[in-house]
Amino acid sequence: MIMSTPVIWVIFPIIVAGICIFLSSRRRLTMAIASLTAFVLALLAAFFPEELNISIGPLAITLVESLHVLGRKLNLIYGMFPMIALIYGTTGLWLLTSNLPGVPKAFQPASLVIAATITAALGVEPFLYAALFIETAVLISVPMLTSLGGDKNQGILRYLSLMTIAMPFILIAGWLLSGVVTLPSDSPLIGQSAVVLGLGFAIWLAVFPFHNWVPMVSQTSHPVVSSFLLFILPTGILVFGLNFLNRYGFLRSSETLFNIIRITGALMIAFGGVLTAAQDLLKRAFGFSALTEIGYSLLALGMASEGGIIWLLLMFPARALGYWLWGYTLSRFESNYDVPLNLDVIQGDGRRVPILSTGLILAQLSVAGLPLLASFPIKIALLTQAMVESKVLGGWSLFGALGLFLFSIRVLLSLYHPGDFETQQPLLPKESFLIYLPVILAIGLLVVLGLFPGKLFSGIINTLSAFPQLQ
Amino acid sequence: MQSLPTLALVIIVIAGMTILISRDWRIIAIALGVQYLGVFILVSLTWPINLAVIKLITGWMATAAIAFTCLRHNRSATQPESFASFLFRGLAGLLIVLLIFILSPSVQSQIFPSVDLILIQGGLMMIGLSLMKLGLNSEPYPVIISLFSFLAGFEVIHAALELSSLLTGLFVVVNLGLALTGVYLIVSMEDTKATSEEGDLR
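Which chain is which? The protein sequence lines are A and B, in order. Under this note's numbering, residue 472 is the last one in the first sequence; the count climbs by one each step, no gaps. Under this note's numbering, residue 224 is the last one in the second sequence; the count climbs by one each step, no gaps.
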C-alpha cells in the first residue's frame, strides 16, 4: 500500500478533528481519540524507518513524501519527521489535559487542526505559502482561546489583527527575496527585503512593540490553552523561519542580520524577565515568561554560526514540558478560585497542596533555567556564548533570566507564607492521585532532562537534515 | 476599457472612506461588499475572470456572514458619537488617501516595477484606510471588517505578482476562516451584553 506523508500527518488529523466535533458531547471519548491520534502520529514520525517502508504482517506500507494539491506540492520529507514528532507529541500531551475544568470544548479539535496546519506549513512548496497555513492555524485557535459568553476579547482581537497583518509581510518578503538572489550584494533591494521579512517575523513572534497580545491572551484564556498556543505557534514560526536562512545565502552570510537577531533576542529576554518579575497575576506572568522564551530562541538563532540552531532545536522539548506543567498546575489552582490568580490569593497554598505548588514552582524554575532542570544545560551554554560574544549582550540576557528567578521566588514566598486571606479562602480539595501523578511525572522528566542532557529528545537535532545549508 | 480600472479605484476609495467614517454596521457592510466589486475589477486586470471572480464571491460570502450575524443579534444601527470624532476620522482618511497618491509612484518604481500603478494605488488605499480603522476600534465587528479590507488590499497587489490556484484557495480559506472567527467573536460579545443587561434589569 502506498500512502503519502501529508495524508498521514496533515489530512488524517483534520479528519479526526472533524470526528471529535461530531462527538463533542462525549468529552472523555474525544479526549481519548484526539490524544491517541496525536501520540500515534508522533510515534510514527519518531520511529518510521528512513527508507519509508514498513511491514505489519502481510501489509506492506510504503510512504511517498509528497502530495500534489492544485498544481503545488505538500512535501513532508524524512528530515522533518523529528519536528513533526515533537509537534504531535506535545499536542498529545496537552490533549491529555483537555478535560480539565474550564478548558473550552473547541480545544480538542482545534489543537489537532493547528498541529496539522503547522505540519503542512513545514512542508508546503513553494515554502512561502506556509504563511497562509500559519494564518489558518491562528484563525482556528481563536475559538479555543475564548468561550461563548466571554467578554474579555481585546487580547484575542489584537492577536488576530497582528497575526493577520504579519502574513502579507512574509509573502511580500518572499517574493522580493526570490528576485534579489541575482542582484549584487550592495543593492538596496536586499536591505528592503530583509526589513520587510524581519518586520513580518517580529510581528509573528510578538517581539516588542508587537507583544501586548501575549500577556492579555495569557491572562484571559485557560492556562492549558494559552500554554499550548504559546508553545506551538512560535515553534512552528521559528522552524519555518529556518527555511529563509537555508535558501538564501546572502541572509546566511549577513553578519548584520545575525547581530540584529541576537540583540533583539537579548532585549526580549531582558524585557520579558523584568516584566515577569513585576507581575502579581500568575497567568499574566506566564505570558511575559513566554516572551522571554522567544527571546532565548532569537538569541540562539542569532548565534547560528556557533551552533545556535542546535540549541534552538534542543530548547523545544524542555520548553514544551515546562509550559505544559505550568499550564496544568495553573489550571488546577484556577479551578479552585473565582478571582484572578495572584500572589495574594495563593498565599498558604504550599501547605495545603504541596505537590501542585511544587509543580508550579519547578515549572517556572525550569523555564528560568535552574540547574538540574530541563532548560538549564541549553540556557547555560547559550548565556555563556552570549557573554563570550559580548559582555553587554550576555549581561542583558542574564538580567532577564534573573527576572524569572525573582518571580519564582516571589511565588514561592507567597505559597509558603500564610497570609491574612488564608482563613477566608475556600480550602482546596485534597490532592488526589490523579491530580498529582502528572505533576510528579513531569517533574521527574524535567529532572532527568536536566541531569542527562542530550540523552532524551536529542533526535530533534536531526531536523537539521531538512535544512542542508544550516548543518 | 481604460476607465474601468479608474472607476474601480474610485469605488475602492469611496468604499474605504465610508468604512472608516461610518459607525452604522449596515452601511459598513454594504461598503465592504461594494469594495469587493472594485477588488474584482482590479484583480481581473491581471488574472483570468474565472479566477478573479473567486475573490468577489469569497468577499461577498464573508461580508454576508458577518452582516447576517449582526442582523440576527439586532445590533444597534448607530452608536452616538461627537461631530469632532466624525471629523477626525474623515480628515485622517483624506490624509491617508493623499499620502498614498503621493507615495504610490515611488513604491512602484522601487519595489513593484512590474505592477500597474492603479493596482498599487488601489491595494495601498485599502491597506492604509483599513489600518486606520483598525487603530481606532476595539470591537469585533469593525476589527474584522478592517482585516477583510486589509487582506483585500494585499490580495490586489499580490495578484499582480503571482497566479496560483493553491494560493487562491488558501486565501479563500483565510477569508472565510476570518469571517467565521468574526461571527464567533461577535456572537460571544453580543451574548455577554445580553446577559449583563438581563442581570441589570433583575
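Ideal Cβ placement from N, Cα and C applies to all residues, glycine included. Owing to the predicted nature of the structure, the values given are computational and were not obtained by experimental measurement.
Straight-line Cα distance separating residue j from residue i
| i | j | result |
| --- | --- | --- |
| residue 338 (chain A) | residue 408 (chain A) | 21 Å |
| residue 231 (chain A) | residue 170 (chain A) | 21 Å |
| residue 38 (chain A) | residue 36 (chain B) | 51 Å |
| residue 403 (chain A) | residue 15 (chain A) | 42 Å |
| residue 34 (chain B) | residue 27 (chain B) | 10 Å |
| residue 347 (chain A) | residue 415 (chain A) | 7 Å |
| residue 186 (chain B) | residue 72 (chain B) | 13 Å |
| residue 396 (chain A) | residue 248 (chain A) | 33 Å |
| residue 121 (chain B) | residue 177 (chain B) | 20 Å |
| residue 153 (chain B) | residue 39 (chain B) | 12 Å |
| residue 468 (chain A) | residue 19 (chain A) | 33 Å |
| residue 36 (chain A) | residue 330 (chain A) | 19 Å |
| residue 76 (chain A) | residue 7 (chain A) | 7 Å |
| residue 391 (chain A) | residue 244 (chain A) | 27 Å |
| residue 290 (chain A) | residue 366 (chain A) | 11 Å |
| residue 123 (chain B) | residue 171 (chain B) | 18 Å |
| residue 107 (chain A) | residue 221 (chain A) | 16 Å |
| residue 52 (chain A) | residue 78 (chain A) | 11 Å |
| residue 84 (chain A) | residue 123 (chain A) | 9 Å |
| residue 92 (chain A) | residue 156 (chain A) | 23 Å |
| residue 233 (chain A) | residue 295 (chain A) | 12 Å |
| residue 1 (chain A) | residue 5 (chain A) | There is no way to answer for residue 1 (chain A), as the model of chain A reaches only from 2 to 472. |
| residue 342 (chain A) | residue 179 (chain A) | 49 Å |
| residue 224 (chain A) | residue 332 (chain A) | 6 Å |
| residue 135 (chain B) | residue 126 (chain B) | 11 Å |
| residue 437 (chain A) | residue 257 (chain A) | 48 Å |
| residue 118 (chain B) | residue 40 (chain A) | 51 Å |
First and last residue of the uninterrupted alpha helix (DSSP H) at residue i
| i | result |
| --- | --- |
| residue 2 (chain A) | Counting along the chain, residue 2 (chain A) falls outside any alpha helix (DSSP H), and DSSP gives it neither H nor E. |
| residue 456 (chain A) | Residue 456 (chain A) -> no alpha helix (DSSP H), and no H or E assigned at all. |
| residue 74 (chain A) | Where residue 74 (chain A) is concerned, there is no enclosing alpha helix (DSSP H), although the beta strand (DSSP E) it sits in stretches over 73-76. |
| residue 162 (chain A) | 155-181 |
| residue 89 (chain A) | 82-96 |
| residue 180 (chain B) | 162-181 |
| residue 473 (chain A) | In the structure as shown, chain A starts at 2 and stops at 472, and residue 473 (chain A) therefore has no counterpart that could be examined. |
| residue 103 (chain B) | Counting along the chain, residue 103 (chain B) falls outside any alpha helix (DSSP H), and DSSP gives it neither H nor E. |
| residue 45 (chain A) | 28-48 |
| residue 353 (chain A) | 350-353 |
| residue 214 (chain A) | 214-221 |
| residue 322 (chain A) | 309-335 |
| residue 9 (chain A) | Neither: residue 9 (chain A) is in no alpha helix (DSSP H) and is coded neither H nor E. |
For residue i, the three-state DSSP class (helix, strand or coil)
| i | result |
| --- | --- |
| residue 125 (chain A) | strand |
| residue 67 (chain A) | strand |
| residue 380 (chain A) | helix |
| residue 282 (chain A) | strand |
| residue 61 (chain A) | strand |
| residue 72 (chain B) | helix |
| residue 343 (chain A) | strand |
| residue 228 (chain A) | helix |
| residue 106 (chain A) | coil |
| residue 84 (chain B) | helix |
| residue 249 (chain A) | coil |
| residue 472 (chain A) | coil |
| residue 419 (chain A) | coil |
| residue 100 (chain A) | coil |
| residue 159 (chain B) | coil |
| residue 45 (chain B) | coil |
| residue 338 (chain A) | coil |
| residue 304 (chain A) | coil |
Element boundaries [beta strand (DSSP E), containing residue i]
| i | result |
| --- | --- |
| residue 56 (chain A) | 54-57 |
Classification of residue i by the beta-carbon crowding that lies within 10 angstroms, buried from 16 upward
| i | result |
| --- | --- |
| residue 30 (chain A) | exposed |
| residue 323 (chain A) | buried |
| residue 380 (chain A) | buried |
| residue 418 (chain A) | exposed |
| residue 157 (chain B) | exposed |
| residue 284 (chain A) | buried |
| residue 144 (chain B) | buried |
| residue 183 (chain A) | exposed |
| residue 57 (chain A) | exposed |
| residue 105 (chain B) | exposed |
Query raised in the report: Is the segment 71-86 of chain B close to the segment 40-48 of chain B, with three or more CB pairs under 8 Å?
Result: no
Query raised in the report: Looking at C-beta atoms only, is the number of pairs between the segment 200-214 of chain B and the segment 195-205 of chain A that lie closer than 8 Å three or more?
Result: Because the criterion of three Cβ pairs below 8 Å is not met, the segment 200-214 of chain B and the segment 195-205 of chain A do not touch.
Requested in this report: Decide yes or no for the touch test of the segment 55-67 of chain A against the segment 107-118 of chain A: beta carbon pairs closer than 8 Å, at least 3 of them.
Outcome: no
Query raised in the report: Does the segment 284-303 of chain A touch the segment 249-269 of chain A, meaning 3 or more C-beta pairs lie closer than 8 Å?
Result: yes
Report task. Determine, using beta-carbon pairs with one atom in the segment 137-156 of chain B and one in the segment 129-146 of chain A, whether at least three such pairs fall under 8 Å. Result -> No, the segment 137-156 of chain B is not in contact with the segment 129-146 of chain A.
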